[in-house]
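Respectively, the protein sequence lines represent chains C and W. If you're matching positions, the first sequence starts at 1 in the numbering used here and goes up one per residue. If you're matching positions, the second sequence starts at 372 in the numbering used here and goes up one per residue. To keep things clear, I will list the structure first and then write my remarks on it.
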Amino acid sequence: MNGVRVLVGTRKGGFILTSDARRKRWVVSGPHFAGWEIYHLKGSSIDPNRLYASQTSDWFGQVIQRSDDGGKTWAPVGNKFAYEGVPGTHQWYDGTQHPWEFKRVWYLEPSLSDLETVYAGVEDAALFRSSDGGQTWQEHAALRSAEGHLWQPGGGGMCLHTILQDPSDPGRIFIAISAAGAFRTDDGGQTWLPVNRGLQSRYELPDPNAEVGHCVHNLAMHPSRPGVLFMQKHWDVMCSDDAGASWHEISGNLPSDFGFPIAVHAHEPDTIYVVPIKSDSEHYPPEGKLRVYRSRSGGNEWEALTRGLPQRNCYVNVLRSAMTVDSLDPCGVYFGTTGGQVYASADSGDSWTPIVQNLPAVLSVEVQTLP
Amino acid sequence: MIRLALPTHLWRLANVSREIEIQVEGPITLNAVLDALEARYPMLRGTIRDQVTKERRPYLRFFACGEDWSHQSPDAPLPDQVATGVELLRIVGAMAGG
Numbered sequence: 001m002n003g004v005r006v007l008v009g010t011r012k013g014g015f016i017l018t019s020d021a022r023r024k025r026w027v028v029s030g031p032h033f034a035g036w037e038i039y040h041l042k043g044s045s046i047d048p049n050r051l052y053a054s055q056t057s058d059w060f061g062q063v064i065q066r067s068d069d070g071g072k073t074w075a076p077v078g079n080k081f082a083y084e085g086v087p088g089t090h091q092w093y094d095g096t097q098h099p100w101e102f103k104r105v106w107y108l109e110p111s112l113s114d115l116e117t118v119y120a121g122v123e124d125a126a127l128f129r130s131s132d133g134g135q136t137w138q139e140h141a142a143l144r145s146a147e148g149h150l151w152q153p154g155g156g157g158m159c160l161h162t163i164l165q166d167p168s169d170p171g172r173i174f175i176a177i178s179a180a181g182a183f184r185t186d187d188g189g190q191t192w193l194p195v196n197r198g199l200q201s202r203y204e205l206p207d208p209n210a211e212v213g214h215c216v217h218n219l220a221m222h223p224s225r226p227g228v229l230f231m232q233k234h235w236d237v238m239c240s241d242d243a244g245a246s247w248h249e250i251s252g253n254l255p256s257d258f259g260f261p262i263a264v265h266a267h268e269p270d271t272i273y274v275v276p277i278k279s280d281s282e283h284y285p286p287e288g289k290l291r292v293y294r295s296r297s298g299g300n301e302w303e304a305l306t307r308g309l310p311q312r313n314c315y316v317n318v319l320r321s322a323m324t325v326d327s328l329d330p331c332g333v334y335f336g337t338t339g340g341q342v343y344a345s346a347d348s349g350d351s352w353t354p355i356v357q358n359l360p361a362v363l364s365v366e367v368q369t370l371p
Numbered sequence: 372m373i374r375l376a377l378p379t380h381l382w383r384l385a386n387v388s389r390e391i392e393i394q395v396e397g398p399i400t401l402n403a404v405l406d407a408l409e410a411r412y413p414m415l416r417g418t419i420r421d422q423v424t425k426e427r428r429p430y431l432r433f434f435a436c437g438e439d440w441s442h443q444s445p446d447a448p449l450p451d452q453v454a455t456g457v458e459l460l461r462i463v464g465a466m467a468g469g
């Protein structure tokens, strides 16, 4: 019997929700690492019992936890994230230069091809790699050579928050940084290219078409079509058909094209999901109605998915790493809110149910489809 | 033996009780105590002081014999009562939460 395991990171601990493939009845375990901010939990696609968690605190710094039994037990692994060489400076909020300082790990991405390899996206923005199951970490420092002095923090800090591996090419990785943009390596991290042509930041940057500096919130791809990328930018929902070389807007009829997460259906590469948020200064759904929007045509034409979601007086946010899909059929879609609900749909978004409520603010949601 | 009191998050992380005893060799200084603590409990590396610079994390303080040692040299000798295990060396998280 197969099933799903949902990994939820919150402001005050991690939670693990499990269900069989019907996705009707859920068992909740947690809080794990109670009282700590759990920015991200993610499992390996090679061995689903191998999980990593980013456990962090303004008081006590960064801890990385690893589980080899699907989250029943955990052990701390390496937490030394030292930038290569002299880290230098990046742009600060006021345009002055500011020293690079490690703050926390936002995102953990286990390798698709090697069980012991895992990537970490950190604040201040950099990409680290471990090839010993998280015991030691080395920076891919060439990334910061891609105009790093022009990168600047967004409201959440200068974070590397998205890592996408190309399943057809182990040398190709896409990452995204707020507020620097999207970047791609084709040689396993030796060199990096900014891939932001076509992005426009009319009210945020002195040059709206700048090569770097755009506030990219999230990227998504379908594994069968790794050259096609979808992006939720600060404002604008975007698509690239050429692995990031150029982007075009697909916001279409969305009620707002500001938002944080974006996800792709597991079996339909042109079906994508976003959660529109009113604006950059009002981080809640337009009209107080929590709506996921789905496009079945790769963007531009969107339909509101509302069944089971609150349609009045709802003022939560859905953060960039807090929406994902499982690979069952029909595809399951999951998202968590800053109000502490995790909603799930077992029918590709047609209807929704809260599978847990009243958690601390949700920072991230990942799902594993279990054999 | 040096007696240490740890903040809740750290004694839980190290899977010990709130108060622990640590064997420290040589002169009893903050750095010597923290070196011995991190050697015995590696999961605490980086949680009290930065792993690279060895600077105290900004939201933590050190108290000994009713005095704040947070801003003393980490290589200064700690009070005799701490060095002899009569008094606790307290590692304290800054208060927060309103």
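Just so it is clear, CB atoms sit at the ideal spot from N, CA and C, and this is done for glycine as well. Here the structure is a predicted model, which is why all the values come from computation and not from measurement.
Between leucine 309/C and proline 276/C, the beta carbon gap of about 12 Å keeps them out of contact (Cβ cut-off 8 Å). Using a Cβ-Cβ cut-off of 8 Å, arginine 416/W is close to Asn79, Lys80 of chain C, given in chain order. The alpha carbon of alanine 176/C has as its nearest neighbour, out of Gly43/C, Phe230/C, Lys24/C, Thr56/C, the alpha carbon of Phe230/C. Taking asparagine 317/C as the centre and dropping the five residues before and after it, the same chain places the C-beta of Phe260, Ile277, His283, Tyr284, Thr337, Thr338 closer than 8 Å to its C-beta, in chain order. At a C-beta separation below 7 Å, serine 57/C has these neighbours in chain W: His380. By the rule that beta-carbons nearer than 9 Å mark a contact, tryptophan 352/C does not touch chain W. The continuous alpha helix (DSSP H) containing aspartate 451/W extends over residues 451 to 454. Annotation: aspartate 451/W to leucine 415/W spans about 25 Å, alpha carbon to alpha carbon. Glutamine 62/C has Thr56/C as its beta-bridge partners, per DSSP.
Valine 367/C is a Cβ neighbour of aspartate 326/C, given a cutoff of 9 Å. Aspartate 257/C sits away from methionine 221/C, with the two beta carbons spaced by 9 Å or more. Taking the Cα positions, tryptophan 352/C is about 9 Å away from leucine 305/C.
Short of 7 Å from the beta carbon of arginine 11/C, and not among the five residues preceding or following it, lie these beta carbons of its own chain, in chain order: Glu37, Pro360, Ala361, Leu363.
In the displayed model, tryptophan 382/W falls within a helix according to three-state DSSP. Contact annotation: the region 66 to 74 of chain C does not touch the region 84 to 94 of chain C, with fewer than three C-beta pairs closer than 8 Å. Within the region 421 to 437 of chain W, the residues whose Cβ lies closer than 7 Å to any Cβ of chain C are, in chain order, Gln422, Val423, Arg428, Tyr430, Leu431. At least one C-beta of chain W is nearer than 9 Å to the C-beta of proline 76/C. Shortest Cα-Cα distance from histidine 267/C to any of Ser224/C, Ala146/C, His140/C involves Ser224/C.
Arginine 461/W sits in a strand when the DSSP states are folded into three classes. For the region 106 to 136 of chain C, there are no residues whose beta carbon sits under 9 Å from a beta carbon of chain W. Between valine 404/W and valine 395/W the beta-carbon gap is near 6 Å, inside 8 Å, which marks them as a contact. By alpha-carbon distance to threonine 89/C, the top candidate from Pro99/C, Ser178/C, Gly95/C is Pro99/C. Among the residues facing chain C, alanine 410/W is not included, as its CB has no counterpart in that chain under 9 Å away.
Nearest to leucine 51/C by alpha-carbon distance, out of Ser57/C, Arg25/C, Phe81/C, Thr117/C, is Thr117/C. In its chain, beyond the 5 residues on either side, His98, Gln152, Pro153 have a beta carbon closer than 8 Å to the beta carbon of tryptophan 92/C. Against chain C, a Cβ distance below 8 Å from alanine 465/W picks out Trp59.
In the three-state DSSP reduction, arginine 11/C falls in the coil class, being neither helix nor strand. As the crow flies, the alpha-carbon of phenylalanine 15/C is around 25 Å from that of glycine 464/W. Of all residues in the region 26 to 45 of chain C, only Phe33, Ala34, Gly35, Trp36 place a beta-carbon less than 9 Å from a beta-carbon of chain W. Against chain C, the CB of isoleucine 373/W has no partner CB under 9 Å away; the residue lies outside that interface. Using a Cβ-Cβ cut-off of 8 Å, valine 6/C is close to nothing in chain W; its nearest Cβ partner there is about 25 Å away.
Setting aside the 5 residues that flank it on each side, valine 195/C is surrounded in the same chain by Ala182, Arg184, Gly244, each with a C-beta closer than 6 Å to its C-beta; the list follows chain order. Under the 9 Å criterion on CB atoms, glutamine 62/C is classed as interfacial with respect to chain W. Secondary structure of alanine 142/C (DSSP, three-state): helix. Rounded to the nearest angstrom, the gap between the Cα atoms of tyrosine 430/W and arginine 5/C is 35 Å. By the neighbour-count criterion, in which 16 or more other beta carbons inside 10 Å mark a residue as buried, valine 27/C falls on the exposed side.
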